[in-house]
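Student: Sharing a structure below in structure tokens format, with a few things to ask.
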Amino acid sequence: MPQSSAAMVPGPARDEGAASHIAIIDDDVGVGRALARLIKANSYRVQVYHSALEFLDSLNAGTPDCLIVDLQMEEMTGLQLVHQLADMGLRIPSIFVTARDEPGMQQACEATGAVAFLLKPVMSEPLFGAIEVALKGSARSHG
2 MPQSSAAMVP GPARDEGAAS HIAIIDDDVG VGRALARLIK ANSYRVQVYH SALEFLDSLN
62 AGTPDCLIVD LQMEEMTGLQ LVHQLADMGL RIPSIFVTAR DEPGMQQACE ATGAVAFLLK
122 PVMSEPLFGA IEVALKGSAR SHG
């Protein structure tokens, strides 16, 4: 396994500005790769992280415009990550993905201000709808 599992996948610019930067945090390498490929094909810049801690370590290089975060990860859950970001003063529009629809999880994610709660396998139409909502929210918070 390589020492750094993050992979920057640049995409072409969208509209007049630079492509929006989306971070995918999922400990399943195959899911991260598949989501990155799908999102990159729609002209976004994508960075994949295979743990919440790996993502947190990358923040000194800048913050993404949107997070797609797996709810169940071993070291730190997606909810714990979003709470930690909030404690740091960072509110990044977040889309939660999960393979297990456990009672109360969607409500817990919505309580953090999540843009969407999507079940795996993630379908492209709801994913891109959620990304557009997230990026509109990101533009409001940055502009």
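This note's numbering applies: residue 2 is where the sequence shown begins, and numbers increase by one.
Even for Gly, the Cβ is constructed at its ideal location relative to N, Cα and C.
#1: Take Asp-88 as the anchor and find which of Gln-108, Pro-65, Thr-113 and Glu-76 has the nearest alpha-carbon.
#2: Alpha carbon to alpha carbon, how far is Ala-100 from Ala-35?
#3: Taking Thr-64 as the reference, which of Phe-56, Asp-71 and Val-70 has the closest Cα?
#4: Would Leu-82 and Ala-53 be called neighbours here (beta carbons separated by less than 8 Å)?
#5: Are the CB atoms of Asp-66 and Ser-139 within a distance shorter than 8 Å?
#6: In angstroms with no decimal places, state the Cα-to-Cα distance between Asp-29 and Thr-78.
#7: With 16 as the cutoff for other CB atoms within 10 Å, does Arg-46 come out buried or exposed?
#8: If we count the other Cβ atoms within 10 Å of its Cβ and call it buried at 16 or more, is Ala-42 buried or exposed?
#9: Given this structure, state the Cα-to-Cα distance separating Ala-20 from Leu-86, to the nearest angstrom.
#10: Assign His-51 to buried or exposed, taking buried as 16 or more other Cβ atoms, counted over all protein chains shown, within 10 Å of its Cβ.
Tutor: Concretely, from the data shown:
#1: Thr-113
#2: 15 Å
#3: The shortest Cα separation from Thr-64 among Phe-56, Asp-71 and Val-70 belongs to Phe-56.
#4: yes
#5: In this structure, Asp-66 lies closer than 8 Å to Ser-139 by Cβ.
#6: Rounded to the nearest angstrom, the two C-alpha atoms are 13 Å apart.
#7: Its Cβ being crowded by 16 or more others within 10 Å, Arg-46 is buried.
#8: exposed
#9: Within the model, the alpha-carbon separation for Ala-20 versus Leu-86 is close to 23 Å.
#10: Taking a 10 Å sphere around the C-beta of His-51, we find 16 or more other C-beta atoms and assign the residue as buried.
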